[in-house]
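Step one of this worksheet: look at the structure below.
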Amino acid sequence: MMDQISDNTAKVGGSYLKAAVIGLICLIVMGLIVVVGFKLFVVETSLTISNSSSQEMRHCVLSDHEGRELFRAESMSPDEKVSTILYNLKLSGDLTFQATLVDGTTRQGVFSFDEERDSMFDLTSLSYEITDQKLISKSETELRIPIKERIRLRVFW
Numbered sequence: 067m068m069d070q071i072s073d074n075t076a077k078v079g080g081s082y083l084k085a086a087v088i089g090l091i092c093l094i095v096m097g098l099i100v101v102v103g104f105k106l107f108v109v110e111t112s113l114t115i116s117n118s119s120s121q122e123m124r125h126c127v128l129s130d131h132e133g134r135e136l137f138r139a140e141s142m143s144p145d146e147k148v149s150t151i152l153y154n155l156k157l158s159g160d161l162t163f164q165a166t167l168v169d170g171t172t173r174q175g176v177f178s179f180d181e182e183r184d185s186m187f188d189l190t191s192l193s194y195e196i197t198d199q200k201l202i203s204k205s206e207t208e209l210r211i212p213i214k215e216r217i218r219l220r221v222f223w
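Counting the sequence shown from 1 gives a position; the numbering used here is that position plus 66.
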């Protein structure tokens, strides 16, 4: 009778280990699916802000047409450059950039997008350069690639 109990205990312990390994493998596979899906479907916009003025910039803010802050930087010294990536930036409405210099002057720029015309494009880069006289802004867009093509390009290249 004692032999039967110990045999059952060994079998139960082995099945728990097998279930744990299978569960761990499933978690790893799900994580990979999430990462690959994120890379395939999310549009990345490279944002670069440079302070080319002779004075320090107190702060700057990039916001969308709904007033949401997409990016904020504090205290940039002259000749400093900041770069970041924004995800899923939509080409609808306006993007407003405002920078305030130490002497209190502001530099402001607005990008306006036509939703009907620009719905076929993705914003790939956006750059702002603050100078003593004005704000210089540049943007680059790419034709939106259909999902099938995105998968083919990212998986096979």
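Cβ coordinates follow ideal geometry from the N, Cα and C atoms, glycine included.
Non-local C-beta neighbours of Leu-93 in its own chain, meaning closer than 7 Å and more than five positions away in sequence, are absent. Secondary structure at Lys-156: coil, using DSSP grouped into helix, strand and coil.
If you look at His-125, you'll find it in the beta strand (DSSP E) that goes 123-129. Here Asn-117 is buried. Its C-beta has 16 or more other C-beta atoms within 10 Å.
Excluding residues up to 5 positions away in sequence, Phe-177, Leu-189, Ser-191, Leu-192 and Ser-193 lie with their Cβ nearer than 8 Å to the Cβ of Ser-205 in the same chain. Annotation for Ser-191: the continuous beta strand (DSSP E) segment containing it runs 187-196. Around the beta-carbon of Phe-104, fewer than 16 other beta-carbon atoms lie within 10 Å, marking it exposed. Distances from the CA of Val-127 to each of Ile-91, Thr-162, Val-101 and Ser-120 were compared; the closest alpha carbon is that of Thr-162. Between Val-168 and Glu-135, the CB-CB gap reaches or exceeds 8 Å. Just measuring C-alpha positions, the residue of Ile-99, Phe-179 and Thr-114 sitting nearest Met-142 is Thr-114. In this structure Thr-172 is exposed. Its beta-carbon is surrounded by fewer than 16 other beta-carbon atoms within 10 angstroms.
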